[in-house]
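S.K.:
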Amino acid sequence: MDIKLEKMYGLFINGEFVPAQSGRTFKTCNPATGEVLAQIAMASADDVDCAVKAAWAAFSSWKKTTARERSEIMWKISDIVEENLEYFSTIETLDNGKTLEEARADITDVVDQFRYFAGCIRTDEGSYVEQDNHGFNIIRKEPLGVVAQIVPWNYPLSMAGWKMAPALAAGNCIVIKPASNTPLSLLEFARLAGKELPNGVLNVVTGSGHDCGEALTAHPGIRKVAFTGSTDVGTGVGETAGKNMIPFTLELGGKSAHIIFPDCQWDRALNAVKGGILGCAGQICSAGSRLFVHKDIYDKFVEELADCFAKVRVGNGLESGIEMGPLVDERQMETVLKYIDIGIKEGARLVTGGRRITEKFYNEGFFIEPTLFADVTNHMRIAQEEIFGPVLSAIPFTSEKEVIEMANDSPYGLAGGVWTQDINRGIRVVSQIDAGLMWLNTFDMYPAGTPFGGYKKSGFGREAHKMTMEEYFQVKTIYVSIEE
Ligand code: NAD
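Our numbering applies: residue 9 is where the sequence shown begins, and numbers increase by one.
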């Protein structure tokens, strides 16, 4: 699809695009080619302040809308996204590098999240509780006011959808910040779908994490922060929110265990392991980046997996047949290459991949070969640290007990997968792993209605489920006493 992007995108504040007050901009590029896609306004604290004020001005009437009115608006938004699915998907591929097929799945997810929460809000209820002396409580849920939302670059519009939908359903106004290397899909969302919302209900500020992100998190007008990103930055966001006495939810990094027993459905497991680490070029918080394979099948599984990796078609995600796109930018590519080097130095066996792809066809893109390390031990850095790239560490195990211990021996606890046809063993193992989402005989499934979030350093709070709306409400109890 041919896309005509604006040359310059402003900040989306109070229903219109405005330049940053400083006049500063930054560029966003296509990671497959290095081509500059557009210039983007660079927000500072003053711009963030304007956005927060616009959001509060809108809140006075938005909070009075009924659940039905909000639900209807959210359905209209979902329709607009669906009608423009190819448009949004192409923008996502251009800006992030993921394949068009992956981008289509992301945008379909945005549609689904909006419809799901449009439904949730229609069925959400407060409660009534009888009390002593002929009294009773009416327990009401009220929106918080203006909330800040910060999203990363790996699922730009999809992560934004996970955040915007429950917040809007609950009646809040939003100031949201996309990552500076992938701002386009959210800005285009604001342009196309934002007009369904009253001015100021949705505001998008773009800029660096250091200036724009910190100013947003610390702004005294913010009543909640929802953050998705790295554990390091999330820790700081949580500290600031704590100081400001506002609630916060954090969706952070991961190092998910993918566990294969000898009685697995072989081809399905092999495919899931491949997709679980090469999807979005491995830049997935819940990537199955630690592969535990039972010793009885370890050599055969690793050999067949290496064969699958070597056959993956890497390239520009806009081209048909491409299975894996580039890394999002040079910095991320360098980080991944550094980890490949670390793995080699730690003594892991590089079975396949390990190189940047620099052939002419790849132009200036940030492509890395699908990379598989075998004979990894769980204490190696490549098994403990989040690499966020197409690099898989395969570790052998001998018993259920041992693999559970190794899977839990990680600072993270976001997700994981287990493959076995023994349902008792499957449930036993997934139940004992400290992670917020475990897949049994599948992997990487996140439809709306599937609570997503971490244990341990993977953060806390859950998204993509009706319980997420509770994070965007505050509870008011009205104790009523009736005179007899
Ligand atoms: P990041 O933490 O560098 O940035 C995330 C967002 O925070 C960006 O919008 C960035 O501009 C902003 N930011 C940066 N510094 C900030 C600051 N000091 N104050 C406020 N905001 C700031 O992460 P990233 O590199 O964009 O994304 C990759 C990380 O995100 C990985 O660790 C990955 O695991 C994690 N992630 C987690 C989930 C999840 O749901 N758990 C989903 C996607 C990504």
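Just so you know, even glycine gets a beta-carbon here, dropped at the ideal spot from N, CA and C.
Everything numeric in this text was worked out from a predicted model, so none of it was measured.
Kindly indicate which three-state DSSP category Q121 falls into: helix, strand or coil?
M.R.: Position 113 of the sequence shown, counted from the first residue, corresponds to residue 121. Of the three classes helix, strand and coil, the one that applies to Q121 here is helix, per DSSP.
S.K.: Measure the CB-CB distance between G179 and G284 and report whether it falls below 8 Å.
M.R.: In the sequence shown, the residue the question calls residue 179 occupies position 171. In the sequence shown, the residue the question calls residue 284 occupies position 276. No. Outside cutoff.
S.K.: Please check the pair R298 and A391, which I expect to be a contact at CB under 8 Å, by giving their CB distance rounded to whole angstroms.
M.R.: What you label residue 298 is simply residue 290 of the sequence shown in a count that begins at 1. What you label residue 391 is simply residue 383 of the sequence shown in a count that begins at 1. Going by Cβ atoms, the distance from R298 to A391 rounds to 6 Å, so yes, they are a contact pair.
S.K.: Quick one: Cα of K474 to Cα of A226, how far?
M.R.: Here residue 474 corresponds to residue number 466 of the sequence shown, with the count starting at 1. Here residue 226 corresponds to residue number 218 of the sequence shown, with the count starting at 1. Whole-angstrom Cα-Cα distance: 27 Å.
S.K.: Give me the Cα-Cα distance between V183 and M172, rounded to the nearest whole angstrom.
M.R.: On the sequence shown, position 175 is the one that residue 183 refers to. On the sequence shown, position 164 is the one that residue 172 refers to. Taking the straight line joining both Cα atoms gives about 10 Å.
S.K.: In or out: Q157 buried (at least 16 other Cβ within 10 Å) or exposed?
M.R.: By one-based count along the sequence shown, residue 157 stands at place 149. The residue in question, Q157, is buried, as its Cβ has 16 or more Cβ neighbours within 10 Å.
S.K.: Compute the minimum distance between the beta carbon of F256 and the heavy atoms of ligand 1, and state whether it is under 7 Å.
M.R.: Along the sequence shown, one-based indexing puts residue 256 at 248. Result no, Cβ not under 7 Å from ligand 1.
S.K.: Looking at the structure shown, is A59 part of a helix, part of a strand, or coil, going by DSSP?
M.R.: Against the sequence shown, residue 59 aligns to sequence position 51. A59 falls in the helix class under three-state DSSP.
S.K.: Report yes if the C-beta of T225 is less than 7 Å from at least one heavy atom of ligand 1; otherwise report no.
M.R.: By one-based count along the sequence shown, residue 225 stands at place 217. Yes, the beta carbon of T225 sits closer than 7 Å to at least one heavy atom of ligand 1.
S.K.: Nearest to K409 by alpha carbon, out of V344, I403, L258, R436?
M.R.: For the purposes of this step, residue 409 is taken as the residue at position 401 of the sequence shown. Residue R436 is the option with its Cα nearest to K409.
S.K.: Where do the ends of the beta strand (DSSP E) carrying E138 lie?
M.R.: Along the sequence shown, read from residue 1 onward, the residue named residue 138 stands at position 130. Segment 135-138, the beta strand (DSSP E) holding E138.
S.K.: Take every Cβ of the segment 120-133, pair it with every Cβ of the segment 53-61, and state whether three or more of those distances are shorter than 8 Å.
M.R.: no
S.K.: Let's test the definition: count the other Cβ atoms within 10 Å of the Cβ of P455 and tell me whether it reaches 16, buried, or not, exposed.
M.R.: In the sequence shown, the residue the question calls residue 455 occupies position 447. Exposed, because fewer than 16 other Cβ atoms sit within 10 Å of the Cβ of P455.
S.K.: Below 6 Å CB to CB, which residues in the same chain sit around K484 once its five sequence neighbours on both sides are set aside?
M.R.: By one-based count along the sequence shown, residue 484 stands at place 476. Closer than 6 Å at the Cβ level, and outside the excluded window around K484, lie R148, E150.
S.K.: Does ligand 1 have even one heavy atom less than 7 Å from the beta-carbon of S238?
M.R.: Start at 1 with the first residue of the sequence shown, and residue 238 comes out as number 230. Result yes, Cβ under 7 Å from ligand 1.
S.K.: With burial defined as no fewer than 16 other Cβ atoms inside 10 Å of the residue's Cβ, what is the status of V60: buried or exposed?
M.R.: As a working note, residue 60 is residue 52 in the sequence shown. Flag for V60 reads buried.
S.K.: Taking DSSP as the reference, what is the three-state secondary structure of A265?
M.R.: As a working mapping, residue 265 is identified with position 257 in the sequence shown. Reduced to three states, the DSSP call for A265 is strand.
S.K.: How do the segment 273-281 and the segment 322-339 stand: do at least 3 beta-carbon pairs fall below 8 Å, yes or no?
M.R.: no
S.K.: Cβ-heavy atom distance between C128 and ligand 1 below 7 Å?
M.R.: For the purposes of this step, residue 128 is taken as the residue at position 120 of the sequence shown. Every heavy atom of ligand 1 is 7 Å or more from the Cβ of C128, so no.
S.K.: How many whole angstroms separate the CB atoms of L19 and A49, which I take to be in contact at a CB cut-off of 8 Å?
M.R.: Translated into positions along the sequence shown, residue 19 becomes position 11. Translated into positions along the sequence shown, residue 49 becomes position 41. Contact flag correct, Cβ pair sits at about 5 Å.
S.K.: Contact criterion: CB-CB distance below 8 Å. Does E311 meet it with respect to chain B?
M.R.: Of the chains in the structure shown, none is chain B; there is only one protein chain.
S.K.: Where does A66 land, buried or exposed, given buried means 16+ other C-beta within 10 angstroms?
M.R.: Residue 66 sits at position 58 when you count from the first residue of the sequence shown. So A66 counts as buried.
S.K.: How big is the Cα-Cα spacing for P378 and V359?
M.R.: The residue you call residue 378 lines up with position 370 of the sequence shown. The residue you call residue 359 lines up with position 351 of the sequence shown. The alpha-carbon atoms of P378 and V359 are separated by roughly 10 Å.
S.K.: Would you check if the segment 32-48 and the segment 87-104 touch, i.e. whether three or more CB-CB distances between them fall below 8 Å?
M.R.: yes
S.K.: Please go through the same chain and pick out, in chain order, the residues whose beta-carbon is closer than 7 Å to the beta-carbon of E138, but skip the five residues on each side of it.
M.R.: For this step, residue 138 is matched to residue 130 along the sequence shown. Contacts found: F144.
S.K.: If you count every other CB in all the chains shown that lies within 10 Å of the CB of R363, and 16 or more means buried, which is it?
M.R.: Counting from 1 along the sequence shown, the entry for residue 363 is found at position 355. R363 comes out exposed.
S.K.: Hey, would you say the C-beta of Y463 is under 7 Å away from at least one heavy atom of ligand 1?
M.R.: Residue 463 sits at position 455 when you count from the first residue of the sequence shown. Flag unset: Cβ of Y463 not near ligand 1.
S.K.: Only counting the same chain, and skipping five residues up and downstream in sequence, which positions put a Cβ closer than 7 Å to that of S242?
M.R.: The count along the sequence shown starts at 1 and reaches residue 242 at position 234. It should be noted that the sequence gives Gly, not Ser, for residue 242. Cβ neighbours of G242 beyond the five flanking positions: F235, L258, L260, G467.
S.K.: Would you say I11 and Y124 are within 8 Å of each other, going by their C-beta atoms?
M.R.: Here residue 11 refers to the residue found at position 3 when the sequence shown is read from its first residue. Here residue 124 refers to the residue found at position 116 when the sequence shown is read from its first residue. For I11 and Y124, no; Cβs fall outside 8 Å.
S.K.: Return yes when at least one heavy atom of ligand 1 lies under 7 Å from the C-beta of S193, else no.
M.R.: By one-based count along the sequence shown, residue 193 stands at place 185. Incorrect: S193 has no Cβ contact closer than 7 Å to ligand 1.
S.K.: Comparing alpha-carbon positions, which option in S328, V301, A289, M477 lies nearest Y163?
M.R.: Within the sequence shown, the letter at position 155 stands for residue 163. That would be A289, whose Cα lies nearest to the Cα of Y163.
S.K.: For Q291, count the other beta carbons within 10 Å of its own beta carbon; 16 or more makes it buried, fewer makes it exposed. Which is it?
M.R.: Counting from one through the sequence shown, the residue named residue 291 turns up at place 283. It is buried - the Cβ of Q291 has at least 16 other Cβ atoms within 10 Å.
S.K.: Sort out for me which residues DSSP pairs K232 with in a bridge.
M.R.: Sequence index remark: in the sequence shown, residue 232 carries index 224 (1-based). In DSSP, K232 forms a bridge with V155.
S.K.: In whole angstroms, give me the CA-to-CA distance for K185 and T214.
M.R.: Residue 185 sits at position 177 when you count from the first residue of the sequence shown. Residue 214 sits at position 206 when you count from the first residue of the sequence shown. Near 6 Å, if we compare the C-alpha coordinates of T214 and K185.
S.K.: Could you give the C-beta distance for P334 and G237, rounded to a whole number, given that I count them as a contact under 8 Å?
M.R.: As a first step, residue 334 is located in the sequence shown; it is residue number 326 there, counting from the start. As a first step, residue 237 is located in the sequence shown; it is residue number 229 there, counting from the start. For a cut-off of 8 Å, the C-beta gap from P334 to G237 is around 20 Å, too long to register as a contact.
S.K.: Identify whether W161 lies in helix, strand or coil by the three-state DSSP scheme.
M.R.: Along the sequence shown, one-based indexing puts residue 161 at 153. Looking at W161 - three-state DSSP - the assignment turns out to be coil, as it is neither helix nor strand.
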